[in-house]
Amino acid sequence: MITVQVEGLAKTFFDEARGAIHAVDGVSFECRAGAIFGLLGANGAGKTTTLRMLATILRPTAGRARVMGHDVVAEPEVVRRSLGFYSASTALYPRLTARETLEFFARVNRYPRERVGARVDELVERFGIDRFESVRVEKLSSGMKQKVSIARTVVHDPPVLVFDEPTVGLDVINALEMQEVIRALRAEGKTIIFSTHVMSEAEKLCDTIVIIHGGRLLASGSLEEHRRATGKHYLEDIFVQYVREGG
Amino acid sequence: MVDGGGGVLGTLYRYELRMLLRDTRTIAIAVVAPLLLFPVLILLAREAERRREAVIERATYRYALTGTEEDFAYYRVQEALAIEAFDPDTAARPPATFLHDRSPNPDSLVRAGAIQVVVEGLAADEYLRVRARELAERPGEDSAALAELAELPEVPVLRLHYRTDSDVSRAAFERLQERLEQVRRQQRDSVYRAYGLAIDLSELGGLEARNVATAERETGALLGVLLTPLLLFLMLSGGSIVAVDAISGEKERGTLETLLTTAARRSEIVAAKQLAVVTVGIVVTVVNLANLFVYIVLDLIELPQELAVSIGPLSLLVLLALYLPLTVLVSSGLLLISGWAKSYKEYQLYFLPLFAVVFLPSLAVLLPGMELSSAIALVPVAGVAVAVREVMLGEIDWPFLALAALSTGGAAWGAARLTERALSTERLISGTELDQADLAGGPALFPRRVLRWFGLLWVVLLVSSAWAGESLGLVHQVLFNVVGLFFGGSLLMVRAYRLEPRAAFALRPAPAAAWPAVLIGAPAALVTGVGLAEAFQRFVPVPEEVLRSFGQFLGAGELPLWQIVLILAVIPGIFEELAFRGVLMHGLAPRLRPVPLALAVGAIFGIFHVSLWRIVPTAYLGVVLAAVVLLTGSIYPAMLWHALNNLIAIVPVELGWVSEDYDLPMWSYPVASAGLALSFTLLWWTRRAAGKMQYVGTGPGGGRP
Amino acid sequence: MAESPVLILLGREFRSAVRERSIVVNSILIPVFLYPLLLWGLFTALTVVEGLAERARSRVAVHGVPEAHQELLDSLRALPAIELVESTTVEDAERRLQAGELDLVADLEAAGASSPGLAENFRVRLLYDRSLERSRRARARAAGVIERYRKRWLSRRVEELAIPRAEVVGFRIDPHSVSTGRQLGTLVLSEVLPLFIVVMVALGCFIPAIDTTAGERERSTWETTLILAVSRRDVVVAKYLYVAALGFVAGALNVIAMFVTMAPVVAPIVAQTGEDFAFSLPALAFPVMVLGTFVLALFFAAAMMILAAFARTFKEGQGMVTPVFWLALVPLLFGQGSESTLTPATAAIPVANVAMMLRDAVRGVYQWPLIAETLAVTLGIVVLCLLVARTMLRFEDFLIGAYDGSFWRFLCERTFGRGAASRRRVGRALT
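Chains as they are written, first to last, in our numbering: chain E, 835 to 1081; chain R, 445 to 1149; chain P, 11 to 441.
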């Protein structure tokens, strides 16, 4: 099932000195349920801007994007309700406890009120938050915060999950844990959009890899398809070749 | 299955407050500390004042006698001191001790502070001689003063020498003077009695004033004036505690992006935060008012008069209806700057300007003759402040009350919409600044710096005219301001930012049709400007004296006509245009679309004319000239227009064709408006004929694909 | 030879300061722009108020003017600010006054008198509404006219009765201030300047002190600084000198800006009161003022930095330092008044002693032993603060930001609860 459709999406920033900057320049792709869709690109390639447009934080300059059939411009609230967004820059409220945080996000995302308690209990157990569920977030270690953050992302049980460079700044153990979580979510049938600049992660996780550079989409396909198209084995080499050709 | 919007709003609101309550340190510093600190400060200040007064009161004053009529002075002072010592009505204040000092050369002792007062007894003619000598030493004084003195009856004079810069000397002088006046009155009354005027003088043509206002009404008037500014102050500072955290704090902690990816609407987020700001603002206000009440009960603050509050239920309702939009405006304003600021620190920078913008209009209630049934009802905050005073006086004028509430409510709504927009503005959310101007430097940086430069020019203008304005004379002042400051400053900017002079000064050829347009437009714009200024003076009248002194200044030097034309018309025409419609407009152009650009250039040009009543016509001229440059793409027509404008304004008066207070006939305004319209139609047509916007690099729209 | 690390660090601090918006605004832009702006605002407001007051005409109803006093009516009519309004009776006029249609009702009546020659005596009753500003002004305007008329009438009576004026007057009193313009100017300056310098230096230190400590923690540059190949003492000295220098600059700039803007404008206004003020300072006052500003900057920089050093964020730092600012102002309340000077006792109170020293200097009073005491006391406190700072730097838990950002908790735990609690904190902060 196609859950996310992006057609010719573009974002232009205006700058006094340089004039127009095309951060994202006509990107199109589609994502399916139960699959991990990887956006691969260097820093500043336009990954975050694309994902932010999907999450309706930014408004596209041109093009269309639909999440679960809802347009991001026309129905931003509905889109956000079916979407969980995780990134290094989505922090947690320091003065709420772990449990309160989950309750807050469940309710703000319009999760049915009578089921909020049960849903939070479930997540607290699943992510092992029970040890510190009544400690304020400001006192938690970074590993604990990460757990709460992931739980926060999925608390309203959205069909589409966006992970914007989720492993940045995590240690090996935590990064692996994150990969496990993402795989588990795929197994549950979620659509997962995942951006990274770490090649090995993309190789391991993604069902579809899209290479994005300079705001343009250079190639799209599974790892095998990319290998066949370029004749290279490692994703690193594949990426560099695409960038050279495209640049 | 989905929760309603109210549920989300409620959740956001509750968590917002919960998080604030857990921030114990902020609450302690912002709410509790002032409550504890202020009584301490008040008590200390009172104690300090009491001590200071005690020092002065307890002092033993030393005085000396001197002068040709020293004996006369001696007896009068003795009488005065007798009153001081035995007068029954000084019960509240213990009688002061005066000691007679007999040292020679008392004057120098006063100067040295060793004694406090010297009483010099002088015969009338001697006194006149002394005064004449003093006046001769100070040429600034009026010689009429001396003539007036000579008119007075020939009686002895007691001169009291004292020092105004010494508290003790001043206190001694004031007491002695008061007592001597009493001596004088007693003496006078006995003379009247001796001549048969046996009546208390206060009964002659006695003046008695009776206040018809009830105590309730007076309290209402006092409260009506104080209430709005006080509440605004408390609301602004109280609401700020939440507002700073509400958006800019969230940005700083990175939680804003999390919040924005939830299903809550932007409007719900803003509304919830606004409710939180209002709640805390009201709580802090109530706590502070209660605190104030406690001070009053404890006598820490003394009240000016008997208070008798009586507000009817209707007035109370009206007050609430008036304060509701004001409260919303305060919270919207606070959230707006919180939305624009990227960090806590930045919020604080914006707070003071916001405070000024919201708080100062409420002082309109203090303006003399200000009544609600005027244009003031249309000014947000000011209208409500004036309305509240009238309601407190029991005057309810429904249409204007509604107008005042609507204007403030409208401003609140506008601010709330802007805040919502700030939540969707990329630059403001994502913190990543696409700051290419810093990389490029030079001309690219100029648009961001141009206002700073003109601000500096304005300060120099103001300070230099304060120091040297009067003494420089017209010619030098114009040369200094227009050529030195405006043109010199412009050249500096062009150099510092490596601007291309032709573009920066708009030195481009003008289309031929522009010239007739200028010839029609310049007089027409002048007349319409005069009309506008007169309309403005209906609202903000100018004191006669200000108008007179400006007229005198312009006509001050008896210069030959050609010099007047050169100084007041040609030079400003050239150099002011280069600075304002040249460099300033060039700097602002990349940031503004044409209409706001013309308005901004005009407003800045007006502010450079400093005094309020000149701002309106000059700003108007500035807008018109900016439009001329925008339409023709060239500075030259604007130069001619400006010079013609000044020429027509000055020359007929200088040549004595018309008098200075000549009023234009009413028919001239519609005629001039038509002329102006014609002129701009011509300019518009040349622009259309050229097929494009002439002024290169105009507006963010112009540069966009 | 290698450059002194303190100088390199100091240079970096200053470069960041110049690029930090809140510091630039508070230390440079406000002094440059605020005073001219204030001045302009004040003048504009005054012009508006004056214009509005001039325009507002007072509506006055006059009743029962005795035949002999018609002249009074003429003088009221002659005043453009007064508009005489007809009304049928006094009661009617009073009703209209209460309805806001009139501003003042003047009710005259013949008073009669026991003395001969005063048969035409009269009494005036002014009815007004004290709650209304326009009514109060109407009363003042009318009362002025009536008072002048009353004097004229009285002196005419005196003339008619052939009472010699000289006897009536008796003698005259002529107040004569021997203060020179310079003394008056000195009085104003001595009240304003010290207060202003203290406040401005404190404000000038405020943001830099927080920015260079708590701000560094917030930006995570604190650890970058700690791993530099320079001693911690050098780091602290550089930061301290930087804060003190900015405080000094802000104080000096503000004083100069205020003087430059205000002096030419305030002087003529004051001159209208009949006194001529001359603002000038004795030559020796300048070095004393510079010295005073300097030790104040050293003092505030030390006191504020110690507290701000515990804060983890800029906001926290601000909360901790604000009380210092208020407390520093308390001593200023005392020791005011033109007669008080520095005494051995007041010279021992921090901040207040410097303020009084500055005031003495403005007035040309130099009590060198007491100045020395003032400087010694202030510098003593500074040294004490620096010692505390040095002790603090020995604790690792301070360096990594334990104690919940509170100086108070640091004191409590270090003096009373040594051991477990703070070690736990270290553990937590390190994970």
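The beta carbon of each residue, even a glycine, is placed where N, CA and C say it ideally should be. Since the structure is predicted, the reported quantities are computational estimates derived from the model, not experimental observations.
Within 10 Å of its beta-carbon, does residue i have 16 or more other beta-carbons around it, so buried, or fewer, so exposed?
i: F309(P); result: buried
i: F1028(E); result: buried
i: A239(P); result: exposed
i: G783(R); result: buried
i: P218(P); result: buried
i: M835(E); result: exposed
i: H605(R); result: buried
i: I855(E); result: exposed
i: N36(P); result: buried
i: Y1106(R); result: exposed
i: S776(R); result: buried
i: A99(P); result: Going by the sequence as given, residue 99(P) is Thr instead of Ala. Looking at its Cβ environment, which holds fewer than 16 other Cβ atoms inside 10 Å, T99(P) is exposed.
i: T1125(R); result: exposed
i: S1056(E); result: exposed
i: E877(R); result: Bear in mind that the predicted position of E877(R) carries a pLDDT of just 47, short of 50, making it unreliable; the figure below should be weighed with that in mind. Flag for E877(R) reads exposed.
Mapping the DSSP letters down to three states, classify residue i as helix, strand or coil.
i: Q377(P); result: coil
i: C395(P); result: helix
i: I359(P); result: coil
i: Q839(E); result: strand
i: C865(E); result: strand
i: T541(R); result: strand
i: F871(E); result: strand
i: L878(R); result: The pLDDT assigned to L878(R) is 47, lower than 50, so where the model puts this residue is not dependable, and the model offers no usable value.
i: A922(E); result: coil
i: D609(R); result: coil
i: A889(E); result: coil
i: V403(R); result: Since the first residue of chain R shown is 445 and the last is 1149, residue 403(R) is not available in this structure.
i: S806(R); result: helix
i: F949(R); result: coil
i: G838(R); result: coil
My guess is that residue i and residue j are in contact by the Cβ rule of under 8 Å, so how many angstroms apart are they, rounded?
i: L957(E); j: L936(E); result: 6 Å
i: F324(P); j: E228(P); result: 6 Å
i: P887(R); j: L943(R); result: 6 Å
i: Y138(P); j: V669(R); result: Not confirmed; about 18 Å, so no contact.
i: A357(P); j: T401(P); result: At roughly 28 Å, the Cβ-Cβ gap does not stay under 8 Å, so A357(P) and T401(P) are not in contact.
i: V1009(R); j: L1091(R); result: 6 Å
i: R970(E); j: P928(E); result: 7 Å
Among all the DSSP beta bridges, which residues are the ones paired with residue i?
i: K845(E); result: V858(E)
i: D184(P); result: R603(R)
i: D117(P); result: H73(P) and R135(P)
Tell me whether residue i, by its Cβ, gets closer than 7 Å to a heavy atom of the ligand PLP.
i: L453(R); result: What this structure holds is no ligand at all, so the ligand PLP is not there to describe.
(message) Quick check: the stretch 890-910 of chain E against the stretch 1053-1068 of chain E, are at least 3 beta-carbon pairs closer than 8 Å?
(response) no
(message) Could you check whether the stretch 1117-1125 of chain R touches the stretch 959-967 of chain R, counting it as contact only if at least three pairs of C-beta atoms, one from each stretch, sit closer than 8 Å?
(response) yes
(request) Check whether the stretch 721-737 of chain R touches the stretch 672-686 of chain R, counting contact only when three or more Cβ pairs, one atom from each stretch, lie closer than 8 Å. (result) yes
(request) Kindly confirm or deny that the stretch 1072-1079 of chain E and the stretch 909-916 of chain E touch, where touching means at least three C-beta pairs closer than 8 Å. (result) no
(message) Measuring CB atoms only, is the stretch 915-928 of chain R touching the stretch 1082-1095 of chain R, in the sense that at least three cross pairs come out at less than 8 Å?
(response) no
(request) Kindly confirm or deny that the stretch 1005-1014 of chain E and the stretch 836-846 of chain E touch, where touching means at least three C-beta pairs closer than 8 Å. (result) no
(message) Check whether the stretch 927-938 of chain R and the stretch 1022-1037 of chain R are in contact - that is, three or more C-beta pairs closer than 8 Å.
(response) yes
(message) With a threshold of 8 Å, are at least 3 pairs of Cβ atoms found where one atom belongs to the stretch 113-123 of chain P and the other to the stretch 67-78 of chain P?
(response) yes
(message) Taking contact to mean 3 or more Cβ pairs, one atom from each stretch, closer than 8 Å, check whether the stretch 506-515 of chain R and the stretch 562-569 of chain R are in contact.
(response) yes
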